[in-house]
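K.L.:
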Amino acid sequence: MSSCSELLLWSKEHARGANAHVFAWSGQLTPPQQKASEELLASVRQNKSHLLHAVCGAGKTELLFPSIFASLQAGKRVCVAAPRTDVILELFPRFQKVFPKTTIHALYGGAPDQEGFADLVLATTHQLYRFEKAFNVVFVDEADAFPYYADETLQQAVIKAAKQHAAIHYVTATPTKSLKTTNQSILSRRYHGHDLPVPRFASLYGYARKLKKGSVPYKLQQWIEEKTTNNIPFLVFLPTIEMLESFPGHLPRVHAEHPKRKEIVMQLREKKIPGLLTTTILERGITIENVHVAVVGAEQKIFTSSALIQISGRVGRSFQYPAGDIVFFHHGISYEMDNAKAAIEGWNKS
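Using numbering that gives the first Met the number 0, you'd call the opening residue of the sequence shown number 0 and step up by one each time.
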């Protein structure tokens, strides 16, 4: 969108049939999930901002369902926003199954045109520049993710998209101080009850120089070969696009501007490829069964403690595979690495 784009404001309320919505989720919440979901629903009904602070893999999305359904039944228009396209792509088919009679639009850069008036909108935060006083209820998923937390114009876009005085609710595993509200629910365990996988540290001295010369460091090569041999899907996170693109070999690779990112991630999910190389673009909003993860250059500045926690949270998310390997390859241990590991161990003790 540019400054010369024409935007139209619809001044009248759209007539909605409150009884047209169907809630088709047959899952069951654990007692802690149920408590958090009821607390969120109470805040939504009272129009009070709420923070859902839950570890990666705690089932945060499922906790939103009752609040969204209650809002739709009340004739309200709902928006679930997230900073990353991958989160929206992950959520869209899930919401379509849960609310099969509801018109749902998924808005992100390059999204196809979608017909009708959507009572439920899933959108990247950038897409909310297009709305003004449009939503009665707004949820921001992964509200601490880049670029949302660092861009005041995006934060204002979310506020502008909500109706006047409408509360905005936040969902994340790693909230910033500014997100913490008086109303919050904390989930310290995953839905399956198992501990979070704790990252291990492995030295990989001189990795940047070796990769630049076209050689994969021995420990990293061993790790990739082991996962490939045992048919375990894997993600290798790299600190820069330059390192990603020059990485030796033929492993698929994705980054923020990759035109086929969605298709390549789907290939990994469907086990058509053994693994892939990625930047931090896949640190959130992606669930792949039994995936194992390596971070190369974990000491570099781009890998903040929150990013490392989110990356670690890709592992062990399914009930069938609650464990898995998460390794931080490094050229010297950073405070951020230590803080991430300590935070995960803290959750496991709580």
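Cβ atoms here follow ideal geometry from the backbone N, Cα and C, with glycine treated the same way.
Remember, it's a predicted structure, so these values are computed and weren't measured experimentally.
Who are the near neighbours of Gln32 in its chain, counting only those whose CB is closer than 8 angstroms to its CB and skipping five residues on each side?
P.N.:
Here the question's residue 32 lines up with position 33 in the sequence shown. Once the five neighbours on either side are set aside, the close Cβ partners of Gln32 are Ala57, Gly58, Glu61, Leu62, Leu186 and Tyr190.
K.L.:
So if DSSP puts Tyr204 in a beta bridge, which residue, or which two residues, is it bridged to?
P.N.:
Along the sequence shown, read from residue 1 onward, the residue named residue 204 stands at position 205. Tyr204 is not bridged to any residue.
K.L.:
If Leu276 sits next to Ile263, beta carbons under 8 angstroms apart, how far is it from one beta carbon to the other, in whole angstroms?
P.N.:
On the sequence shown, position 277 is the one that residue 276 refers to. On the sequence shown, position 264 is the one that residue 263 refers to. Here Leu276 is actually not in contact with Ile263; their C-beta atoms are around 10 angstroms apart, not less than 8 angstroms.
K.L.:
If you count every other CB in all the chains shown that lies within 10 Å of the CB of Phe116, and 16 or more means buried, which is it?
P.N.:
Translated into the one-based positions of the sequence shown, residue 116 becomes position 117. Answer is exposed; the Cβ neighbour count stays below 16.
K.L.:
From the DSSP output, which residues share a beta bridge with Cys78?
P.N.:
The residue given as residue 78 occupies position 79 in the sequence shown. Paired residues: Val120 and Val137.
K.L.:
Between Ala80, Ile158 and Asp85, which has its C-alpha nearest Lys261's C-alpha?
P.N.:
By 1-based counting over the sequence shown, the position of residue 261 is 262. Comparing Cα positions, the closest option is Asp85.
K.L.:
State yes or no: is the beta carbon of Val43 nearer than 8 angstroms to at least one beta carbon in chain C?
P.N.:
In summary, chain C is missing from the structure at hand, where a single protein chain is found.
K.L.:
Please classify Asn135: is it buried, with 16 or more other beta-carbons within 10 angstroms of its beta-carbon, or exposed?
P.N.:
Your numbering for residue 135 matches position 136 in the sequence shown. In summary, Asn135 is buried, with 16 or more beta-carbon neighbours lying within 10 Å of its beta-carbon over all protein chains present.
K.L.:
Looking only at DSSP bridge pairs, what is Val295 linked to?
P.N.:
In the sequence shown, residue 295 corresponds to position 296, counting from 1. Val295 pairs with Phe328.
K.L.:
Helix, strand or coil for Leu234, going by three-state DSSP, please let me know.
P.N.:
As a position in the sequence shown, residue 234 is number 235, starting the count at 1. Annotated three-state conformation of Leu234 is strand, per DSSP.
K.L.:
Can you give me the C-alpha to C-alpha distance between Ile272 and Asn230, rounded to a whole angstrom?
P.N.:
Residue numbering aside, residue 272 sits at position 273 when the sequence shown is read from its first letter. Residue numbering aside, residue 230 sits at position 231 when the sequence shown is read from its first letter. For Ile272 and Asn230, the distance between alpha carbons rounds to 10 angstroms.
K.L.:
Within the continuous beta strand (DSSP E) that includes Gln183, where are the two ends?
P.N.:
Taking the first residue of the sequence shown as position 1, residue 183 is located at position 184. For Gln183, the enclosing beta strand (DSSP E) begins and ends at Gln183 to Leu186.
K.L.:
Given a threshold of 16 other Cβ atoms within 10 Å of its Cβ, counted over all protein chains shown, does Asp112 qualify as buried or as exposed?
P.N.:
Stepping through the sequence shown from its first residue, residue 112 is reached at position 113. So Asp112 ends up on the exposed side.
K.L.:
With a 10 Å radius around its C-beta and 16 neighbouring C-beta atoms as the bar for buried, classify Lys318 as buried or exposed.
P.N.:
Against the sequence shown, residue 318 aligns to sequence position 319. According to the sequence provided, residue 318 is Phe. The question's Lys does not apply to it. It counts as exposed.
K.L.:
Among Trp346, Thr278, Val170 and Lys226, which has the Cα closest to the Cα of Ser245?
P.N.:
For the purposes of this step, residue 245 is taken as residue 246 along the sequence shown, with counting starting at 1. Of Trp346, Thr278, Val170 and Lys226, the smallest CA-CA separation from Ser245 is found for Thr278.
K.L.:
What is the DSSP secondary structure of Gly345, counted as helix, strand or coil?
P.N.:
Counting from 1 along the sequence shown, the entry for residue 345 is found at position 346. DSSP places Gly345 in helix when its eight states are reduced to three.
K.L.:
Using a 10 Å radius around the Cβ and a threshold of 16 neighbouring Cβ atoms, would you call Cys3 buried or exposed?
P.N.:
The count along the sequence shown starts at 1 and reaches residue 3 at position 4. Per the 10 Å Cβ criterion, exposed.
K.L.:
Quick check: what's the CA-CA separation for Val295 versus Ser1?
P.N.:
Numbered from 1 along the sequence shown, position 296 holds the residue referred to as residue 295. Numbered from 1 along the sequence shown, position 2 holds the residue referred to as residue 1. When rounded, the distance between both Cα atoms is 37 angstroms.
K.L.:
On the DSSP letters alone, give me the boundaries of the beta strand (DSSP E) that Val170 sits inside.
P.N.:
Along the sequence shown, one-based indexing puts residue 170 at 171. Taken as a continuous stretch (DSSP letters only), the beta strand (DSSP E) holding Val170 covers Ile167 to Thr171.
K.L.:
Where does Leu106 land, buried or exposed, given buried means 16+ other C-beta within 10 angstroms?
P.N.:
Here residue 106 is taken as the residue at index 107 of the sequence shown, counted from 1. The residue in question, Leu106, is buried, as its Cβ has 16 or more Cβ neighbours within 10 Å.
K.L.:
Taking DSSP as the reference, what is the three-state secondary structure of Ile223?
P.N.:
Taking the sequence shown and counting its residues from 1, one reaches residue 223 at position 224. Ile223 falls in the helix class under three-state DSSP.
K.L.:
CB Val54 to CB Arg188, shorter than 8 angstroms?
P.N.:
Taking the first residue of the sequence shown as position 1, residue 54 is located at position 55. Taking the first residue of the sequence shown as position 1, residue 188 is located at position 189. The answer is yes: Cβ separation under 8 angstroms.
K.L.:
Determine the closest residue to His249 out of Pro238, Arg283, Gly213 and Thr239, with distance taken between C-alpha atoms.
P.N.:
What you label residue 249 is simply residue 250 of the sequence shown in a count that begins at 1. Nearest option by C-alpha distance: Gly213.
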